[in-house]
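Since the structure comes first, as structure tokens, the remarks are kept for the end.
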Amino acid sequence: MTFTSALVLLATAVNCGIGDTETGERQPDPGTNVLPEAGPTDALADAGATDARADAAPSGPSCSSAGWCATSLPDADLTLKSIWSLEGRAFATAEGATVGVKVLEWTDAEGKWQYIDDNSQNQTGLARYVSNVWAPSENELYYAVAKGTIVHGTRPSSDKAWTWTSHPLEDHSPVRQRYYAPDGPPEAVSGALYPTLGVWGTGADDVYAWYTNTIYHWKSEGSAAPSWMPEYTADDVSSDTEELFALGMTGANRDDLWFSFVRTNMAYYQGSCPVIVRKTPAGYERISDGRVEGTRCTEALPGFSRMGSVRGWLTSLQTLGVGQVAGIQGGRELVKISAAGDGYSVATSRILSLDPVNDFDSSPGASDFFTSLYRAPDGRLWMGGMGIWQLHSSTGGSGMVVSADDVWSAGGSYTVSTLSLTGAPLEGSGFKIHGTSNTNLWLAGARHALHKTNP
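The sequence shown begins at 1 in the UniProt record's numbering and counts up by one.
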């Protein structure tokens with residue numbers, strides 16, 4: 001297997017001031033899915049909740065100058081953990097100090113968010129945290145909730161009630177003493193707990209899940225009923241302190257799937273190497289892996305490549321078309337992997353023109369951290385993230401969005417998409433971005449769900 005790589009440094013149009021051009025904020029716990037240590041009630045009790053049973057109606061201006069418009073949430077203390085967009089509607093998972101784990105639906109026709117779950121996830125003790133939601137259609141969705149459970153919802157039509165079923169996944173991670181849960185280890189750069197649990201598919205009849213170190217496929221063998229069957233487990237660790245975790249997946253179709261893992265040595269300050277696995281009709285193939293030494297990924301393992309920077313997990317995978325995938329590494333760097341003949345090529349683009357692994361960089365914007373990536377059908381990339389604009393604020397940080405058309409060439413650049421509704425930073429955390437096009441975008445996080453419908 002051959003591997004080639006290229007690095008592109010782009011001029012980033014990011015202003016670190018406050019107001020309509022402000023985007024250089026940072027926040028101390030910037031994981032896209034920050035896991036509660038004792039459940040959603042404890043985790044969000046200090047999130048500045050007000051009247052948690054009243055609709056969280058936006059106050060002041062409802063839209064930013066870039067067209068990001070606030071929407072009302074059914075409870076003021078909600079933290080939206082993930083969002084999935086369809087035409088005319090969207091689904092989200094959330095955690096709240098008073099309501100626990102919830103699933104919500106937005107419709108353009110009604111212009112509001114509503115709870116659609118049956119609350120069984122809170123009654124059965126499943127809801128230690130909630131991860132992502134994925135919906136193949138307006139009448140079917142899946143979401144992942146700890147501990148290790150995929151919940152499936154269906155309804156006959158959009159005006160009917162949902163029916164929910166829960167399916168536990170087996171935990172194939174090694175049994176050992178840890179200071180973290182295997183379904184929520186700390187990410188290498190940010191330190192935020194990251195869910196090694198999720199669900200995604202190429203269509204209603206081709207759905208996958210991941211949990212700790214294993215990939216599952218919803219399918220049946222022979223005449224048996226379908227179930228979550230393990231297809232790939234990463235367990236080739238080199239020591240009793242090293243672990244492999246599954247982080248996410250994407251794909252252009254059922255014959256071109258990409259999975260992101262991380263090899264990490266939790267005893268040595270979260271040193272880690274990205275591990276990339278591709279599934280084609282020929283089966284699963286690991287194409288990138290590395291050796292962890294101390295806090296760095298020092299070299300490729302024999303037969304593989306070492307891609308991207310020397311530190312940081314590769315998350316928020318997005319397909320760029322058949323044979324190509326991109327993700328965010330270390331919060332500041334985009335990585336593109338392309339199949340090329342019998343090998344692969346790698347290109348990187350720094351979202352911020354800073355060292356992506358220098359923990360002591362104190363220059364403006366040095367701690368901005370991007371956590372979520374979305375690729376529009378026309379190829380434009382949108383990235384959501386956070387920064388600390390006031391280190392000791394009650395919320396810890398504020399949201400930021402940048403976009404770009406051509407990040408893989410020297411002439412490309414990133415453009416800020418303003419979130420400020422009042423001239424001040426948009427306070428919050430955990431921001432995730434998703435859409436169906438450049439004119440149907442959602443940004444969701446703590447106490448916020450912003451919708452962008454203009455170009």
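Glycine is no exception: its CB is placed at the ideal position from the N, C-alpha and C atoms.
With residue 69 and residue 450 assumed to form a contact (beta carbons below 8 Å), what rounded beta-carbon distance in angstroms separates them? 6 Å
By a C-beta neighbour count over all protein chains shown, 10 Å radius and 16 as the cutoff for buried, is residue 182 buried or exposed? buried
Indicate, with yes or no, if the ligand ATP has a heavy atom lying under 7 Å from the CB of residue 167. The ligand ATP is not part of this structure, which contains no ligands at all.
What do you reckon, are the CB atoms on residue 347 and residue 264 nearer than 8 Å? no
Taking 8 Å as the cut-off, decide whether the C-beta atoms of residue 104 and residue 146 are in contact. no
Can you check whether the CB of residue 74 is closer than 8 Å to the CB of residue 114? yes
Assign residue 82 to one of three DSSP states: helix, strand, or coil. strand
Whole angstroms are fine: how far does the CA of residue 306 sit from the CA of residue 108? 44 Å
Express the C-alpha separation of residue 239 and residue 90 in angstroms, rounding to a whole number. 43 Å
Give the DSSP-derived three-state secondary structure of residue 442 in the structure shown. strand
Leaving out the 5 sequence neighbours to the left and right, which residues in its chain are closer than 6 Å to residue 199 when beta-carbon positions are compared? 134, 142, 144, 150 and 209
Using CA coordinates, which residue listed in 320, 95 and 111 is at the minimum distance from residue 117? 95
Beta strand (DSSP E) containing residue 329: first to last residue? 324-329
Between residue 371 and residue 331, is the Cβ-Cβ spacing less than 8 Å? yes
Going by the CB atoms, is the gap between residue 170 and residue 153 shorter than 8 Å? no
Compare the Cα-Cα distances from residue 131 to each of 167, 92, 160 and 99 and report the closest residue. 92
Would you check if there are 3 or more beta carbon pairs closer than 8 Å linking the stretch 297-306 to the stretch 319-326? no
Taking only runs that begin and end inside the stretch 400-436, name each unbroken beta strand (DSSP E) of 3 or more residues, in chain order. 413-416
Rounded to whole angstroms, what's the CA-CA distance from residue 126 to residue 168? Just pull it up for me. 10 Å
Along the chain, where does the alpha helix (DSSP H) that runs through residue 120 open and close? 120-123
Taking 8 Å as the limit between beta carbons, can you name the residues of its chain near residue 316, skipping five residues before and five after? 32, 248, 327, 328, 371, 372 and 373
For residue 281, count neighbouring C-beta atoms within 10 Å of its own C-beta (all shown protein chains included) and say buried if the count is 16 or more, exposed if not. exposed
Just tell me which of 178, 342, 314 and 206 has its CA closest to the CA of residue 333. 314
For residue 137, collect the residues of the same chain with a Cβ closer than 8 Å to its Cβ; drop the 5 residues on either side in sequence, then sort them by chain order. 86 and 204
Does DSSP put residue 107 in a helix, a strand or coil? strand
So what's residue 389 in DSSP terms, helix, strand or just coil? Because residue 389 carries a pLDDT of 43, less than 50, the predicted location of this residue cannot be relied on, and no value is offered for it.
Per DSSP, which residues does residue 144 bridge with? Please list them. 150
Helix, strand or coil at residue 304 according to DSSP, with G and I counted as helix: coil
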